[in-house]
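K.L.:
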Amino acid sequence: MLITQLKAKETIVSLVEGKKIFIINCQGCKEVHFPEEEAKELQKELAADGKVTGSITTDYICNPENMKLRLEKHMSEIKAADMVLVFSCGVGVQTIAEYLDDKMVCAACDSCRLPGFQGVTPIEYDCGQCGECYLNLTGGICPITACSKSLLNGQCGGAKNGKCEVDPNMECGWERIYRRLEKVGRLDALKCPVQVRNYATDDEV
Amino acid sequence: MKITELFERGEFVVSAEVGPPKGIHIEHLLEEAKTYLSGITAVNVTDNQSSVMRLGSLATCKALKDEGLLPIYQLTCRDRNRIALQSDLLSAAMLGIENLLVLTGDHIKLGDHKGAKPVFDLDSVSLLHTVCKLEAGEDLGGNKLVGEPPKFAKGAVVSPCSDSLDSQLAKMERKVRAGAEYFQTQAVYEPEKFIKFMEKAKQFGKPVQLGIVIPKSAGMAKYMNDNVAGIHVPQEMIDELKADKEKTKAGITGVEIAARIIKECKPYCQGVHIMALGWESKVPDLLKQAGI
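Going down the list, the sequences are from chains A and B. Its first residue numbered 1, the first sequence is counted upward by one per residue in this note's numbering. Its first residue numbered 1001, the second sequence is counted upward by one per residue in this note's numbering.
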């Protein structure tokens, strides 16, 4: 089980400041609690500011085939947006970021772990359910699960030919993050303040 | 003494690296350091290098200091969480160790305790940030330190010949902004790449020490090419090492190559850092040949 909860309103507002956004809600699997009412309320406010080019509410966006079908009809709205804001768990955000690889894809939710049964969609993306989600600093590639050292502040010196020092078959997560941010023109995201991971997620749930 | 004071004076700073043994006897290490490294500025002590468990870096730093050498305390994030790291930083300051080199550290999988827990609670950038906080009299948890806070010369590393140079430069910038005051580099075998890197790194305004590993054999060079990130030994150098086996075995060829690299890069950097990997005895000759 996991819980998704909205990031602080001011965090989301500053994230989307000056940008046109397309919104994706995933109210997908039974294993995830989704903050439906709070999300609706916030999105109403964002729409009132005239920032929203379109939005969809769907399920199982972590299933790439399903997700592509759902997004297809909205591609012009997505194109018109500077950013795609995803209300889902970390896996959903990563799946969309990979598909819309020339768009800045951001997470509006944090994902917190609950003991018990996990979601069942088999997929290569992994969500660490860390509590505070870092996907907005990395263009939608998870530094916790895509980096062997779960580094938050950039690439270590251990990548050779773009591969991780731990596993030569694994792409260096930070190399991928750098390329993605370069592609979406957001290398400035790397100039964010020093990140120190907060393991004290229990208090926040 | 802090080595940053020397950079400020415009000195070309030479340091070399020693690795503590897997055991408690460091007489040999101290003897070698005194014999071959006392002529240089500072001696780095590695922190469980390559994730292989050894005698501690801090204790070895203290022993070197007692012998009159200037140690640089290497500190990695692999084995300790933020509490242990901060505690060790305070211990270092208490023992009069003033020079730091802060690294994320190799992954556990590269070492001799593959089943150990990789910590990485902090990384090189957040550790630098933590050192700055301690220097300002507060720990990472926001609690005040008692009495005068520690003060260090804060070093970090960068990989100038990496195939991910853009990403490495971005990381270097983050380290500078987190408080890094000087840099030591991964081993360089391609001076032209290093010079290009320095053109880009100049903007950060921090002194950079060229990293040198004396190539011991063609086999070692090939091994590094296949396995060590950020290192590429060009084929001509491998051929040179192959040409006269006796000369290479005696270390003459390796020292010649290393001296050539230093000479070529010297106008572009502020110092040199030698990782002799057991060939400490060759350091004086290397420096002489390099004209330092």
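Yeah, the Cβ is synthetic: ideal placement off N, Cα and C, and Gly gets one too. The model shown is predicted, which means the values in this text are computed figures rather than measured ones.
Buried or exposed, going by whether 16 or more other CB atoms sit within 10 Å of the CB of B:THR1035?
P.N.:
Per the 10 Å Cβ criterion, exposed.
K.L.:
Do you know whose CA, among B:ASN1225, B:LEU1103, B:PHE1197, lies nearest B:ASP1121's CA?
P.N.:
When only C-alpha atoms are compared, the closest one is B:LEU1103.
K.L.:
Using a Cβ-Cβ distance under 8 Å, would B:THR1046 count as near chain A?
P.N.:
B:THR1046 does not count as touching chain A.
K.L.:
With distances taken between CB atoms, is the gap from B:LYS1151 to B:LEU1128 smaller than 8 Å?
P.N.:
Contact flag unset, no.
K.L.:
Hey, is the region 1243-1251 of chain B in contact with the region 180-198 of chain A, meaning 3+ C-beta pairs nearer than 8 Å?
P.N.:
No, they do not touch.
K.L.:
On the three-state DSSP scale, how would you describe A:CYS112?
P.N.:
DSSP places A:CYS112 in strand when its eight states are reduced to three.
K.L.:
To the nearest angstrom, how far is the alpha carbon of B:GLU1005 from that of B:SER1124?
P.N.:
Taking the straight line joining both Cα atoms gives about 22 Å.
K.L.:
Helix, strand or coil: which one does DSSP assign to B:VAL1131?
P.N.:
In this structure, B:VAL1131 counts as helix in the three-state DSSP scheme.
K.L.:
Applying a beta-carbon distance threshold of less than 8 Å, which residues of chain A neighbour B:SER1050?
P.N.:
The contacting residues do not exist; B:SER1050 stays about 11 Å from chain A at best.
K.L.:
Can you give, in chain order, each stretch of the alpha helix (DSSP H) that sits fully within the region 164-198 of chain A and has at least 4 residues?
P.N.:
173-183, all fully within the region 164-198 of chain A.
K.L.:
Quick one: complete beta strand (DSSP E) runs, 3+ long, within the region 18-100 of chain A?
P.N.:
Here the runs fully enclosed are 21-26, 52-58, 83-87.
K.L.:
The beta strand (DSSP E) with A:CYS106 in it runs from where to where?
P.N.:
From DSSP, the beta strand (DSSP E) with A:CYS106 extends over 104-107.
K.L.:
Distance check for A:GLU45 and B:ARG1078, CA to CA, integer angstroms please.
P.N.:
Roughly 45 Å between the two C-alpha positions.
K.L.:
Could you work out which residue in B:ALA1063, B:LEU1029, B:GLN1184, B:ALA1170 is closest to B:GLU1280 when comparing CA atoms only?
P.N.:
Per the Cα distances, B:LEU1029.
K.L.:
Any beta carbon of chain A sitting closer than 8 Å to that of B:LYS1222?
P.N.:
No, because no Cβ of chain A sits closer than 8 Å to the Cβ of B:LYS1222.
K.L.:
Does the Cβ of A:GLU204 have 16 or more other Cβ atoms within 10 Å, making it buried, or fewer, making it exposed?
P.N.:
With a pLDDT of 48 at A:GLU204, under the threshold of 50, the predicted position of this residue should be treated as unreliable, though the coordinate-derived value follows. That one is exposed.
K.L.:
Mind checking the region 1092-1114 of chain B against chain A and listing, in chain order, the residues whose C-beta falls within less than 9 Å of any C-beta there?
P.N.:
Hits within the stretch, in order: LEU1103, THR1104, GLY1105, ASP1106, HIS1107, ILE1108, LYS1109, LEU1110.
K.L.:
Quick check for students: name the residue ranges of the alpha helix (DSSP H) that lie wholly in the region 1238-1275 of chain B, counting only runs of 4 or more.
P.N.:
If we require 4 residues or more, the alpha helix (DSSP H) runs fully inside the region 1238-1275 of chain B come out as 1245-1249, 1252-1265.
K.L.:
Give me the residue from B:GLU1148, B:PHE1204, B:GLN1186, B:GLY1142 with the minimum Cα distance to B:MET1172.
P.N.:
Measuring from the Cα of B:MET1172, the nearest candidate turns out to be B:PHE1204.
K.L.:
Going by the DSSP bridge assignment, what does B:SER1015 pair with across the sheet?
P.N.:
Its beta-bridge partners are B:ALA1042, B:HIS1273.
K.L.:
Relative to chain A, which residues along the region 1128-1156 of chain B have a C-beta separation below 9 Å, given in chain order?
P.N.:
Going along the region 1128-1156 of chain B in chain order, one finds LEU1128, HIS1129, THR1130, LEU1140 with a Cβ nearer than 9 Å to chain A.
K.L.:
With distances taken from CA atoms, which of A:LEU190, A:ALA48, A:CYS109, A:ILE23 is nearest A:ILE3?
P.N.:
With distances taken between Cα atoms, A:ILE3 lies closest to A:CYS109.
K.L.:
Quick one: what's B:TYR1182 bridged to in DSSP?
P.N.:
B:GLY1155.
K.L.:
Can you list, in chain order, the residues of its chain with a C-beta nearer than 6 Å to that of B:ASN1227? Leave out the 5 residues immediately preceding and following it.
P.N.:
Correct list: empty, nothing qualifies.
K.L.:
Closer than 8 Å between beta carbons: that is the criterion. Which residues of the region 1160-1172 of chain B meet it against chain A?
P.N.:
Correct list: SER1162, ASP1163, SER1164, ASP1166, SER1167, GLN1168, ALA1170, LYS1171.
K.L.:
State yes or no: is the beta carbon of A:GLY140 nearer than 8 Å to at least one beta carbon in chain B?
P.N.:
False, the Cβ-Cβ gap to chain B never drops below 8 Å.
K.L.:
In this structure, how does DSSP classify B:GLY1010 when only helix, strand and coil are distinguished?
P.N.:
Coil.
K.L.:
Would you say A:GLY28 reaches chain B, if we count a Cβ-Cβ gap shorter than 8 Å as a contact?
P.N.:
False, the Cβ-Cβ gap to chain B never drops below 8 Å.
K.L.:
When we look at the beta-carbon of B:ARG1080 and count the other beta-carbons within 10 Å, is it buried (16 or more) or exposed?
P.N.:
The residue is buried, with at least 16 neighbouring Cβ atoms inside 10 Å.
K.L.:
Please go through the same chain and pick out, in chain order, the residues whose beta-carbon is closer than 7 Å to the beta-carbon of A:VAL13, but skip the five residues on each side of it.
P.N.:
Here the set comprises nothing.
K.L.:
So is B:LEU1210 in contact with chain A if we call contact Cβ pairs under 8 Å?
P.N.:
So, not an interface residue.
K.L.:
In the DSSP assignment, the beta strand (DSSP E) including B:GLY1211 goes from what residue to what residue?
P.N.:
1208-1213 is the span of the beta strand (DSSP E), which, as asked, contains B:GLY1211.
K.L.:
Can you name the residues that DSSP bridges to B:VAL1102?
P.N.:
DSSP lists B:LEU1075, B:ALA1156 as partners of B:VAL1102.
K.L.:
I need the boundaries of the alpha helix (DSSP H) containing A:ILE3, first residue and last residue.
P.N.:
First-last for A:ILE3: 2-6, but that is the beta strand (DSSP E), not the alpha helix (DSSP H).
K.L.:
Quick check: the Cα distance between B:VAL1188 and B:ASP1166, rounded to an integer number of angstroms?
P.N.:
Approximately 17 Å between the Cα atoms of the pair.
K.L.:
Could you give the first and the last residue of the continuous alpha helix (DSSP H) run that contains B:ALA1201?
P.N.:
Here the alpha helix (DSSP H) through B:ALA1201 covers 1191-1201.
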